[in-house]
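**Q** Taken in sequence, the protein lines are chains H and S.
For any residue, its number in my numbering is found by taking its place in the first sequence, counting from 1, and adding 90.
For any residue, its number in my numbering is found by taking its place in the second sequence, counting from 1, and adding 90.
This structure is in structure tokens; I'll ask about it shortly.
2 protein chains.
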Amino acid sequence: MTGAKSSPTRNTPQRAAVLRALGNCQDFVSAQMLHARLVTADCAVGLTTVYRALHQLQATGQVDVVRDGTGERLYRRRSTAGHQHYLLCRDCGRSRPVDSRVVERWAERIGETSGFTDVEHTVELTGVCGRCRPTAH
Amino acid sequence: MTGAKSSPTRNTPQRAAVLRALGNCQDFVSAQMLHARLVTADCAVGLTTVYRALHQLQATGQVDVVRDGTGERLYRRRSTAGHQHYLLCRDCGRSRPVDSRVVERWAERIGETSGFTDVEHTVELTGVCGRCRPTAH
DNA sequence: CATGGACATGGAATTCATTTTCATTTACGC
DNA sequence: GCGTAAATGAAAATGAATTCCATGTCCATG
Ligand SMILES: [Mn+2]
Ligand SMILES: [Mn+2]
Ligand SMILES: [Zn+2]
Ligand SMILES: [Zn+2]
Numbered sequence: 091m092t093g094a095k096s097s098p099t100r101n102t103p104q105r106a107a108v109l110r111a112l113g114n115c116q117d118f119v120s121a122q123m124l125h126a127r128l129v130t131a132d133c134a135v136g137l138t139t140v141y142r143a144l145h146q147l148q149a150t151g152q153v154d155v156v157r158d159g160t161g162e163r164l165y166r167r168r169s170t171a172g173h174q175h176y177l178l179c180r181d182c183g184r185s186r187p188v189d190s191r192v193v194e195r196w197a198e199r200i201g202e203t204s205g206f207t208d209v210e211h212t213v214e215l216t217g218v219c220g221r222c223r224p225t226a227h
Numbered sequence: 091m092t093g094a095k096s097s098p099t100r101n102t103p104q105r106a107a108v109l110r111a112l113g114n115c116q117d118f119v120s121a122q123m124l125h126a127r128l129v130t131a132d133c134a135v136g137l138t139t140v141y142r143a144l145h146q147l148q149a150t151g152q153v154d155v156v157r158d159g160t161g162e163r164l165y166r167r168r169s170t171a172g173h174q175h176y177l178l179c180r181d182c183g184r185s186r187p188v189d190s191r192v193v194e195r196w197a198e199r200i201g202e203t204s205g206f207t208d209v210e211h212t213v214e215l216t217g218v219c220g221r222c223r224p225t226a227h
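Rendered as structure tokens:
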């Protein structure tokens with residue numbers, strides 16, 4: 091087995107701050123945005139540490155990660171345990187979870203029949219939300 | 091309608107070279123890889139031009155684009171007209187198209203029922219192909 | 001209380017794909 | 001051939017993400 095090396099994690103105020111700031115965000119935020127907020131707010135945290143914290147949170151399944159159009163990673167705290175996919179507004183970033191059971195089964199089936207192992211999937215939906223839609227004249 | 095601005099395109103040897111090089115590739119390649127090949131081969135093309143050519147090809151639906159684990163964009167000439175999704179080997183990059191009709195319908199339905207407009211989707215599958223799978227002892 | 005070592009931090013420097021700039025060249029309708 | 005908009009490409013800029021590394025903090029031990 092690949093040595094199940096539980097990431098050794100100490101509780102530091104910085105990590106707490108990152109998690110807290112993440113909790114205050116309604117929607118997906120980039121590491122940079124998050125860092126900017128933290129600098130503005132009470133507890134300043136280094137950008138490097140923000141990235142490290144986000145990596146850990148991802149590794150332990152506490153955040154969902156998506157990529158925006160430019161490839162930048164966006165993070166969002168995962169409330170309900172479990173895998174989720176989202177529909178994101180390309181303009182404002184607003185997001186909503188979507189029911190992806192159909193896709194999960196589809197991906198699973200491909201994993202079983204493809205001859206590939208460890209099949210993982212990325213599914214992202216983007217659109218323009220009601221608030222961002224230009225009202226017809 | 092959104093002004094159907096047909097990209098005015100002149101026929102240049104560079105663009106031809108990019109398209110030709112792309113045709114010679116079995117699988118997804120990055121702009122950088124493609125550029126490296128072109129430099130080695132007969133017809134050298136500037137990196138900038140490679141990027142520009144790929145953008146056009148993407149805009150006109152002549153290539154499929156995916157992102158690898160690091161977010162780098164990979165391109166592949168689209169042989170059969172129409173939308174495709176792929177299962178990629180994380181180790182060697184080998185790819186195979188997958189039947190995604192289920193997902194297409196799913197995405198379409200979400201587009202209709204979500205209150206979002208212009209819903210687009212990204213679906214990527216990655217795994218480890220037979221050739222890359224470490225043989226059990 | 002030291003002392004030590006493992007873990008953490010964060011500013012600076014680095015990496016690297018992609019984009020921008022801009023002076024120069026080229027394709028092509030007339 | 002001419003004129004000009006389009007295209008090219010070298011160099012510089014951009015920007016997210018990572019790596020370096022000197023410094024700081026936690027904690028188990030004696
Ligand atoms: Mn899923
Ligand atoms: Mn599709
Ligand atoms: Zn919106
Ligand atoms: Zn492989």
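By construction, the Cβ of each residue, glycine as well, lies at the ideal position given by its N, Cα and C atoms.
(1) Would S:Ser169 be called buried (16 or more neighbouring beta carbons within 10 Å of its own) or exposed?
(2) If the criterion is Cβ atoms closer than 8 Å, does the pair S:Arg183 and H:Gly161 meet it?
(3) So S:Gln104 and S:Val135 are in contact, right, with Cβ under 8 Å, and what is the actual spacing, rounded?
(4) Report yes if the C-beta of S:Arg199 is less than 7 Å from at least one heavy atom of ligand 4; otherwise report no.
(5) Can you tell me whether S:Arg157 is helix, strand or coil according to DSSP?
(6) Closest Cβ-Cβ distance between S:Cys115 and chain H: below 8 Å?
(7) So S:Asp208 and H:Val218 are in contact, right, with Cβ under 8 Å, and what is the actual spacing, rounded?
(8) Would you tell me roughly how many angstroms separate the C-alpha atoms of S:Asp132 and S:Gly220, rounded to the nearest one?
(9) I need the boundaries of the beta strand (DSSP E) containing S:Glu214, first residue and last residue.
(10) Can you find a CB in chain H that lies within less than 8 Å of the CB of S:His173?
(11) What would DSSP say about H:Val193, mapped onto helix, strand or coil?
(12) Does any residue of chain S have a CB that is nearer than 8 Å to the CB of H:Arg142?
(13) Our contact map puts S:Val213 next to S:Val192 with C-beta atoms below 8 Å; I'd like the distance itself, whole angstroms only.
(14) How many Å lie between H:Leu112 and S:Gly205 at the Cα?
**A** According to the structure shown:
(1) Counting from one through the second sequence, the residue named residue 169 of chain S turns up at place 79. Exposed, because fewer than 16 other Cβ atoms sit within 10 Å of the Cβ of S:Ser169.
(2) Within the second sequence, numbered from 1, the residue matching residue 183 of chain S stands at position 93. Within the first sequence, numbered from 1, the residue matching residue 161 of chain H stands at position 71. A quick correction: the sequence has Gly, not Arg, at residue 183 of chain S. Going by C-beta atoms, S:Gly183 is not nearer than 8 Å to H:Gly161.
(3) Working through the second sequence from its first residue, we reach residue 104 of chain S at position 14. Working through the second sequence from its first residue, we reach residue 135 of chain S at position 45. Between the beta-carbon of S:Gln104 and that of S:Val135 there is about 5 Å, and that keeps the pair under the 8 Å contact cut.
(4) Position 109 of the second sequence holds residue 199 of chain S. No, Cβ of S:Arg199 sits at least 7 Å from all heavy atoms of ligand 4.
(5) Counting from one through the second sequence, the residue named residue 157 of chain S turns up at place 67. Note: S:Arg157 maps to strand in three-state DSSP.
(6) Indexing the second sequence from 1 puts residue 115 of chain S at position 25. Not closer than 8 Å to any Cβ of chain H, the Cβ of S:Cys115 fails to qualify, so no.
(7) Walking along the second sequence from the start, residue 208 of chain S turns up at place 118. Walking along the first sequence from the start, residue 218 of chain H turns up at place 128. Contact holds; Cβ gap of about 5 Å.
(8) Working through the second sequence from its first residue, we reach residue 132 of chain S at position 42. Working through the second sequence from its first residue, we reach residue 220 of chain S at position 130. Roughly 35 Å separates the two Cα atoms.
(9) Counted from its first residue, the second sequence places residue 214 of chain S at position 124. That run of the beta strand (DSSP E) goes 207–218.
(10) As a position in the second sequence, residue 173 of chain S is number 83, starting the count at 1. S:His173 does not count as touching chain H.
(11) In the first sequence, counting from the first residue as 1, residue 193 of chain H sits at position 103. In this structure, H:Val193 counts as helix in the three-state DSSP scheme.
(12) Position 52 of the first sequence holds residue 142 of chain H. No, no contact with chain S.
(13) Here residue 213 of chain S refers to the residue found at position 123 when the second sequence is read from its first residue. Here residue 192 of chain S refers to the residue found at position 102 when the second sequence is read from its first residue. Incorrect: roughly 10 Å between the Cβ atoms, too far for contact.
(14) To locate residue 112 of chain H, count along the first sequence from 1; it is residue 22. To locate residue 205 of chain S, count along the second sequence from 1; it is residue 115. Their Cα atoms are separated by approximately 26 Å.
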